[in-house]
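Chemist:
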Amino acid sequence: MEKSSPTLESRKRKTAGEDEDEDVKLKGKRTEQVENLMKVSRQEYLKNREKKKLKQLRDDIEDEQFLFEKIEKLSEPEKREHLYKQKIVELVSKEQQCDDTGEEREIHPQQAWEENQINNAKLNFGSKDRKQKDYQFVFEDQIEFIKSTIVDSDSDVDVDNEKLQRTRNSKLIEDRKALPIYPYKDALLQAVHDHQVLIIVGETGSGKTTQIPQYLHEAGFTRSGGKMIGCTQPRRVAAMRVAARVSHEMGVKLGHEVGYSIRFEDCTSEKTILKYMTDGMLLREFLTEPDLASYSVIMIDEAHERTLSTDILFGLIKDVASARPHLKLLISSATLDAEKFSDYFDCAPIFKIPGRRFPVEIHHSKAPISDYLDAAVVTALQIHATQPQDDGDILIFLTGQEEIETAENIINRRIRALGTKIAELITCPIYANLPTELQAKIFEPTPEGARKVVLATNIAETSLTIDCIKYVIDTGFCKINCYNPRTGTESLMVAPISKASANQRAGRSGRTGPGKCFRLYTEHSYMNDLEDSTIPEIQRTNLANVVLLLKSVGITDLLNFDFMDPPPAEALLKALELLFALGSLDKDGKLTKVGERMSEFPLDPMLSKMIVASDKYKCSAEIISIAAMLSIGNSIFYRPKDRQVQADNAWMNFHVGNVGDHIALLKVYNSWKETKFSTQWCYENYIQVRSMKKARDIRDQLESRLERVGIDLTSNVNDLEAIKKSIISGFFPHSARLQKNGAYRTVKHPQTGHIHPSSGLSQVLPRWVVYHELVLTTKEYMRQVTELKPGWLVEVAPHYYQLKDVEDSSSKKMPRGIGLA
DNA sequence: GAGCACTGC
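In terms of UniProt numbering, the first sequence opens at residue 1 and continues consecutively.
Here it is, written out as structure tokens:
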């Protein structure tokens, strides 16, 4: 974005002038009630004022005659309670009708649960009986209109289907009105009119993600100039699923009026007015549209998760908002962080919407526990032995694959020892790197008379939800990735979770019914030892990518950029230094031509630079394959415990001639391509199919970006020197020289490292290498290593290396047989 | 001769 946005003074004037009209119009409408709703949660409201009266009402409700007289005198919550009962009866009869007409109904457990939830949520429904009819009418109209577009595009629809459609639509309207958010619709719209930025605290199950964009659309926020309402999600599946749900509710085809946009898949069209997308995708849109002119509203959902992308979005969007007073911002967060968000957005008001969830009983351990793995197993077996079988499954949170496998073994062994004295207990491991076929196991329904125990990493905290979990066992730990800007190393560390995380984990037990959570740490420890929330990603990650992106949207002064939680200055400086070395920034910190080309690629800057440089060496086809393989990380090879030797041998096939890991990855990709992307081939070579498919998608994307930056796709598969020089053009800061003791030392900064044992060169120990990344585990290990000739460093990066840096003064002191590869 | 939390572009 051009940083030459209006000065603060002129912005203020502009804002005041343009908002004045609206202000005058709406001031009258603003009621005390609206203000109250924004401060007090509905649950508190109910609890404090009307508890007693409600109880009495329940006793009286049998007598209809009496009730109708009484209902006129009732307060709002009482009316709701009454209508709730009425609506349940209506809904049940409607459901039966639906079934009678033979409507196609998926019996997916998720949907069944949703419907159940919706029914439960009827408590909050329909405070305004008369208006309901109005709404239905208005809606029928709208649906007729939209339905015609369905008929247009789908000529097979016959009269019967149309009738069916109508039943379904009216049920959808009912469902929508049943969501806890519905009674707040008017107040919410009012608040959006009154304020530019609104923090929304929407508890789980409130319906905020699906309903708010629709409300705004109905209220006319999409009418002006065909502008869109954008809603970001931290995960791809969420964006897709919500978009599908909303398009269904609105009776339009997915990808038309309602669409989603995620990497590799843009399911939107010119008609699209409600757009769901991943937060990273919106961030990328800043590159082509710095003022987000095509949006009238941006909603950042799940902001409390504080992903890297949301944090950057905050800074950028705050700036856009001050330049565009008519752009509305909605930030949805969890209760704990709401005030922090409000402070950041200049005291934006907080709007609370209650959710619907089941109560969860929380148990803490009495005394501190030293062996949480053992304690988790014991607790699980205890639950299994003492609680009724058909009552619900168990979910245990552990830190990683190894722990999961050990726990699985112990549980199985102990259950076997107990024999028939106890009901069957099925162990289901789940972690991101588990092959897809095995992951599916957790979604299979539990057989009659048995119980499931799911052993999961953090993946079960937010990314996937498992039905029928009644018991959660929380060990209180997880693995987090930490980047050390000083050494440039990354490491995975086992760390205590935050309070927010602990509550999230506990909530996983209350999805289908009341649940219980057993925490393997004391309450004292929860109160005093755990942080309130996890350290945001932006403070513990390599920022090279972020800095390049910010530079290319025109942010010049990064150290003073308005971060909600600023990253360590050292990490920013390190990133700037790297970008300068790569030639993407000039002396004044401005983006160069090379930098502009690099920012087109959704990769780490070193990988992007490698691609840009491959133009010169005429091997872009090979380099994008390597970049794709490198960027999917270390989950390419599958190494089951019982076949480690075979797996290692398969891997070594790609290393013939000690070509180095980069070229080996290229060979893997090309061999797979030759088999026409065969799944069987992957199994035979102990390679993860999922990873390879991802690599193919990334490669395809990179290929299309080549065109955009004007690089020809040229292939030169046999010229290894050209390929290696391209790699070095991006990774020259990661070059290292062999020491006497068999370790390596980086050429510029004194950093030692060792070739990782999984590398094809770990036995070869070439004198000079370039590595992809440095990880700290038991030692500092260089992962993905390729041999280089020192002369190339001076040739490729003369601004960085002089001859004296690469003079091989120590060659004579080398032990015999080392460093001669 | 080792160790792979989770996302996203």
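We put the beta carbon where it would ideally sit given N, CA and C, even for glycine.
Return helix, strand or coil for ASN528, following the three-state DSSP convention.
Modeler: Residue state, collapsed to three classes: helix.
Chemist: Could you check whether the Cβ of PRO640 sits closer than 6 Å to any heavy atom belonging to the ligand SAM?
Modeler: In the structure shown, the ligand SAM is absent, as is every other ligand, since no ligand is present at all.
Chemist: In angstroms with no decimal places, state the Cα-to-Cα distance between LEU330 and MET228.
Modeler: Their backbone Cα atoms lie some 14 Å apart in a straight line.
Chemist: Tell me which residue opens and which closes the alpha helix (DSSP H) that GLY595 is part of.
Modeler: Start and end: 593-599.
Chemist: Using CA coordinates, which residue listed in LYS318, HIS326 and GLU265 is at the minimum distance from THR222?
Modeler: If we check each option's Cα against that of THR222, HIS326 comes out closest.
Chemist: Cutting at 6 Å between CB atoms, please list the residues of its own chain near LEU578, excluding the five before and the five after it.
Modeler: So the qualifying residues of the chain are ALA544.
Chemist: According to the Cβ coordinates, are LEU254 and SER261 closer than 7 Å?
Modeler: Not in contact: LEU254 and SER261 (Cβ atoms no closer than 7 Å).
Chemist: Quick check on DSSP: helix, strand or coil for VAL360?
Modeler: Of the three classes helix, strand and coil, the one that applies to VAL360 here is strand, per DSSP.
Chemist: Going along the chain, which residues of its own chain have a beta-carbon closer than 7 Å to the beta-carbon of SER269, five neighbours each way excluded?
Modeler: Hits under 7 Å: GLY255, HIS256 and GLY259.
Chemist: LEU520 to ALA375, Cα distance in whole Å?
Modeler: Cα to Cα, LEU520 sits roughly 7 Å from ALA375.
Chemist: Please report how far the alpha carbon of ALA417 lies from the alpha carbon of SER309, in whole angstroms.
Modeler: Straight-line Cα distance between these residues: approximately 49 Å.
Chemist: From VAL237 to ILE212, what does the alpha carbon distance come to, in whole angstroms?
Modeler: Answer to the nearest angstrom: the Cα atoms are 19 Å apart.
Chemist: Do the segment 438-453 and the segment 691-711 meet, that is, are 3 or more Cβ pairs less than 8 Å apart?
Modeler: Segments in contact, no.
Chemist: From what residue to what residue does the beta strand (DSSP E) around ARG783 run?
Modeler: 780-787 is the span of the beta strand (DSSP E), which, as asked, contains ARG783.
Chemist: Using 8 Å as the Cβ pair cut-off and three pairs as the minimum, do the segment 608-621 and the segment 565-578 touch?
Modeler: Output reads no: the segment 565-578 does not touch the segment 608-621.
Chemist: Among ASP291, VAL659, GLU807 and PRO640, whose alpha-carbon lies nearest the alpha-carbon of ALA736?
Modeler: Closest option to ALA736, Cα to Cα, is GLU807.
Chemist: Check whether the segment 313-320 touches the segment 560-568, counting contact only when three or more Cβ pairs, one atom from each stretch, lie closer than 8 Å.
Modeler: Yes, since at least three Cβ pairs between the segment 313-320 and the segment 560-568 fall closer than 8 Å, the two stretches touch.
Chemist: Which same chain residues, not among the five before or five after GLU403, have their C-beta less than 7 Å away from its C-beta?
Modeler: So the qualifying residues of the chain are LEU373.
Chemist: Does DSSP put VAL794 in a helix, in a strand, or in coil?
Modeler: In this structure, VAL794 counts as helix in the three-state DSSP scheme.
Chemist: Report yes or no: do three or more beta-carbon pairs, one from the segment 740-754 and one from the segment 709-725, lie closer than 8 Å?
Modeler: No: the two stretches stay apart, fewer than three of their Cβ pairs being nearer than 8 Å.
Chemist: Give me the Cα-Cα distance between ALA621 and ASP712, rounded to the nearest whole angstrom.
Modeler: Using only the alpha carbons, I get a separation of about 9 Å.
Chemist: Tell me which residues share the same chain as ASN658 and place their Cβ nearer than 7 Å to its Cβ, disregarding the 5 neighbours each side in the sequence.
Modeler: The residues are GLY760, LEU761, VAL764 and ALA821.
Chemist: Classify PHE601 as buried or exposed, calling it buried when 16 or more other Cβ atoms lie within 10 Å of its own Cβ.
Modeler: PHE601 should be labelled buried.
Chemist: Do PHE358 and ASP474 have their C-beta atoms within less than 7 Å of each other?
Modeler: No; because the gap between Cβ atoms is not below 7 Å, this pair is not in contact.
Chemist: Buried or exposed: ASN409, going by 16 or more other Cβ atoms within 10 Å of its Cβ?
Modeler: Answer is exposed; the Cβ neighbour count stays below 16.
Chemist: Whole alpha helix (DSSP H) runs in the segment 747-772 with 4 or more residues, listed along the chain?
Modeler: With a minimum length of 4 residues, no continuous alpha helix (DSSP H) run stays inside the segment 747-772.
Chemist: Is the distance from the Cβ of ARG235 to the Cβ of PRO536 below 7 Å?
Modeler: Cβ distance not < 7 Å, so ARG235 and PRO536 don't count as in contact.
Chemist: I'd like to know whether the C-beta atoms of ASP606 and PHE731 end up nearer to each other than 7 Å.
Modeler: With the sequence shown as reference, residue 606 is identified as Met, and Asp is not the correct amino acid for it. Result yes, Cβ atoms of MET606 and PHE731 sit closer than 7 Å.
Chemist: Quick one: what does DSSP say SER41 is sitting in, helix, strand or coil?
Modeler: Confidence is the limiting factor: at SER41 the pLDDT is only 35, short of 50, which leaves the residue's position unreliable, though a coordinate-based value still follows. Note: SER41 maps to coil in three-state DSSP.
Chemist: Distance check for GLY595 and PRO798, CA to CA, integer angstroms please.
Modeler: When rounded, the distance between both Cα atoms is 18 Å.
Chemist: Report the residue from ASP279, ASN169 and PRO514 whose alpha carbon sits nearest the alpha carbon of GLU361.
Modeler: The shortest C-alpha separation from GLU361 is found at PRO514.
Chemist: Under the assumption that LEU582 contacts VAL547 (Cβ atoms under 8 Å), give the Cβ distance between them as a whole number of angstroms.
Modeler: That belief does not hold up - the Cβ atoms of LEU582 and VAL547 are roughly 11 Å apart, past 8 Å.
Chemist: I need the straight-line Cα distance from ALA650 to ASN685, nearest angstrom please.
Modeler: Cα-Cα distance, rounded: 5 Å.
Chemist: Cβ of ILE459 within 7 Å of Cβ of ASP393?
Modeler: No. Outside cutoff.
Chemist: What does the alpha-carbon distance come out to for the pair PRO567 and ILE411?
Modeler: Using only the alpha carbons, I get a separation of about 43 Å.
Chemist: Give me the Cα-Cα distance between THR198 and ALA348, rounded to the nearest whole angstrom.
Modeler: In the sequence under discussion, the amino acid at residue 198 is Leu, which differs from the Thr named in the question. Each residue's Cα considered, the two are about 6 Å apart.
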